[in-house]
Amino acid sequence: MHVQEHFGKKGVLLVNLGTPDAPTPRAVNRYLGEFLTDPRVIDNLPGAAQQVLVRGIIAPIRSGIANPFKTGGSTKLYQELWTENGSPLKYYGEILAKEVAKSLGDEYEVRLAMRYQNPSIASALKELLDAGVSSVTIFPLFPQYASATTGSVHQEVMRLLSKEQLIPNVNLVNSYYENPALIKVFADNARDMGGLDDYDHIIFSYHGLPQRQLKKGDPSDCYCYADGTSSCCHSIQKVNQFCYSAQCFATTRAIAAELGLAEERYTTSFQSRLGFDDWAKPYTIDTLEDLAKEKGAKRLLCFSPAFVSDCLETTIEIGLEYQEEFEEWGGEHIDLVPSLNDDPRWIAAVVEMIRVES
Numbered sequence: 002m003h004v005q006e007h008f009g010k011k012g013v014l015l016v017n018l019g020t021p022d023a024p025t026p027r028a029v030n031r032y033l034g035e036f037l038t039d040p041r042v043i044d045n046l047p048g049a050a051q052q053v054l055v056r057g058i059i060a061p062i063r064s065g066i067a068n069p070f071k072t073g074g075s076t077k078l079y080q081e082l083w084t085e086n087g088s089p090l091k092y093y094g095e096i097l098a099k100e101v102a103k104s105l106g107d108e109y110e111v112r113l114a115m116r117y118q119n120p121s122i123a124s125a126l127k128e129l130l131d132a133g134v135s136s137v138t139i140f141p142l143f144p145q146y147a148s149a150t151t152g153s154v155h156q157e158v159m160r161l162l163s164k165e166q167l168i169p170n171v172n173l174v175n176s177y178y179e180n181p182a183l184i185k186v187f188a189d190n191a192r193d194m195g196g197l198d199d200y201d202h203i204i205f206s207y208h209g210l211p212q213r214q215l216k217k218g219d220p221s222d223c224y225c226y227a228d229g230t231s232s233c234c235h236s237i238q239k240v241n242q243f244c245y246s247a248q249c250f251a252t253t254r255a256i257a258a259e260l261g262l263a264e265e266r267y268t269t270s271f272q273s274r275l276g277f278d279d280w281a282k283p284y285t286i287d288t289l290e291d292l293a294k295e296k297g298a299k300r301l302l303c304f305s306p307a308f309v310s311d312c313l314e315t316t317i318e319i320g321l322e323y324q325e326e327f328e329e330w331g332g333e334h335i336d337l338v339p340s341l342n343d344d345p346r347w348i349a350a351v352v353e354m355i356r357v358e359s
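All the letters of the sequence shown, read from the start, carry residue numbers 2 to 359 under the working numbering.
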């Protein structure tokens, strides 16, 4: 069999979800407008209705641009998240791209992109193509596959490449939810915090998705229960190999096994629910309330393995908002396991996965 030679460098595109360019109403409005009009994110409205709802109501209200005398909820949260280095998501992404490029060497061209806002996938892809790469490996920074994240990244990349006359070899990384190196970094980060026996319970909290999106991913149309309590999520099989919820549960099992945790010591749950539709269950907020009120839990340890860097959902939602709710219900403290950020072990794991995929 003939193996095609690589005359140019190998391109790598690291892609995360995105962040506003600044913690201001206008920047947040632009970000929300682009993010929430993605048909893979809000998938239950016709295109025109989605555009009107998001750009005319949701984004202006949540960003505060509709009321110049009051900071919108999302803008306020981003202001709390922002650091002297800017958005943590972008800051750690830039470090990751730089260190991955350094480790891979001159054979590779590495770029960082955001699915929404900047640096854009279009601009990063153009830089790789202008460099004459022979192949492009698309590496979404989401360990678990979801249509609204990895699926959206892949679709946007293919849309942009379809306009090119010359298309290089393309490698699309789907997921790495059980990657041994990734699992060990999360587990070691927990070990570094002290004795696990000091905690009453351990929570693995993942970003949520509407149940309808989980059910759409069931090719059999009869296997997915989407409530997180049924056995369909408790093992990976052919029918659910790309299911976000099943992959989240698999990540939990892998970290728990690495730490030697008994099943009764931990719970998998889902956060960031929006709207009135049912989302992946159990909900993290309900789990916290039950642990505090019914179980008398005082100290909790929380993993957030759907995110590879600090962001709104970890630093603010878990670290501040859930902490306040937990205290109101009688709990004392939630310790958040550090994210992967710029950890050299995480960088080495990404490098190894890219070598395999490219």
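For each residue, glycine too, the CB sits at the ideal point set by N, CA and C.
Cβ-based neighbour list, residue i, same chain, cut-off 6 Å, excluding 5 preceding and 5 following
| i | result |
| --- | --- |
| T253 | F205 and T269 |
| P141 | V16, T151 and V154 |
| G94 | N17 and L113 |
| Y267 | I203 and A257 |
| L162 | I168 |
Alpha-carbon spacing of residue i relative to residue j, whole angstroms
| i | j | result |
| --- | --- | --- |
| L275 | K127 | 35 Å |
| V101 | E108 | 12 Å |
| G12 | V111 | 6 Å |
| G332 | S273 | 21 Å |
| E81 | Q166 | 45 Å |
| D198 | L113 | 39 Å |
| P61 | A258 | 45 Å |
| E85 | N342 | 16 Å |
| V352 | K239 | 28 Å |
| Y224 | K99 | 42 Å |
| V174 | A298 | 39 Å |
| S232 | L321 | 33 Å |
| H334 | Q324 | 7 Å |
| E212 | I237 | The question names Glu, yet the displayed sequence has Gln at residue 212. Approximately 18 Å between the Cα atoms of the pair. |
| P47 | N68 | 27 Å |
| P40 | R160 | 14 Å |
| A50 | L78 | 27 Å |
| N172 | Y146 | 15 Å |
| A149 | N45 | 13 Å |
| V357 | M194 | 32 Å |
| F8 | S359 | 14 Å |
| E290 | F304 | 17 Å |
| I58 | E314 | 23 Å |
Close-in-space but distant-in-sequence residues of the same chain around residue i (CB under 8 Å, 5 per side omitted)
| i | result |
| --- | --- |
| V55 | L33, G34, L37, T38 and I43 |
| E265 | none |
| Y200 | R300, L301, L302 and D336 |
| K10 | D107, E108, Y109, E110, A132, G133, V134 and S135 |
| S1 | The chain is shown only over 2 to 359; residue 1 falls outside these bounds and no answer can be derived. |
| S121 | A114 and M115 |
Pick from the options that is closest to residue i, judged by C-alpha positions
| i | options | result |
| --- | --- | --- |
| L301 | C312, I286, E314 and F308 | I286 |
| Q214 | R266, P169, M194 and D279 | D279 |
| N119 | I139, V53 and K91 | K91 |
| A247 | Y207, Y267, L262 and G261 | Y207 |
| L15 | E314, R27 and L129 | L129 |
| V158 | Q145, S124, A182 and D131 | S124 |
| P144 | S359, R356, P345 and S340 | S340 |
| I96 | R63, D344 and A263 | D344 |
| D189 | P21, G19, R346 and R27 | R346 |
| G196 | V29, L262, T84 and G94 | L262 |
| K185 | E326, P306 and I355 | P306 |
| A349 | P220, F304, K294 and P181 | P181 |
| F327 | S221, E295 and K103 | E295 |
| A191 | A49, S104, L260 and F277 | L260 |
| W83 | T316, E329, E358 and V338 | T316 |
| W330 | A293, A149 and L78 | A293 |
| G87 | S121, Y146, P21 and A49 | P21 |
| L210 | I58, Y284 and N170 | Y284 |
| S310 | V338, I58 and K164 | V338 |
| K282 | Y226, Q156, K217 and K103 | Y226 |
Same chain, Cβ closer than 7 Å to residue i, neighbours up to 5 away in sequence not counted
| i | result |
| --- | --- |
| F250 | C234, H235 and T269 |
| G65 | P26, K71, T72, G73 and T76 |
| E318 | Q272 and S273 |
| C179 | Per the sequence shown, residue 179 should be read as Glu rather than Cys. Excluding sequence neighbours, E179 sits near A251, T252 and A255. |
| C312 | P89 and L90 |
| G19 | Y32, F36, M115, R116, Y117 and Q118 |
| N30 | A60, P61, S64 and I66 |
| Q52 | T38 |
| Y177 | P144, L183 and M354 |
CB contact below 8 Å: residue i versus chain C
| i | result |
| --- | --- |
| I62 | In summary, chain C is missing from the structure at hand, where a single protein chain is found. |
> Taking contact to mean at least 3 C-beta pairs separated by less than 8 Å, is the region 20-28 in contact with the region 134-141?
Replying inline: no
> What are the complete alpha helix (DSSP H) segments, minimum 4 residues, inside the region 125-209?
Replying inline: 153-162 and 181-192
> At which residue ranges does the region 67-134 contain complete alpha helix (DSSP H) runs of 4 or more residues, listed in the order of the chain?
Replying inline: 74-82, 89-105 and 122-131
>> In chain order, what are the residue ranges of uninterrupted alpha helix (DSSP H) at least 4 long that sit wholly in the region 321-356?
In response: 324-329
> What are the start and end residues of each continuous alpha helix (DSSP H) run of 4 or more residues lying completely inside the region 8-77, in chain order?
Replying inline: If we require 4 residues or more, the alpha helix (DSSP H) runs fully inside the region 8-77 come out as 26-37, 48-54 and 60-64.
> Can you list the alpha helix (DSSP H) stretches of 4 or more residues lying completely in the region 243-308, in chain order?
Replying inline: 245-260 and 285-294
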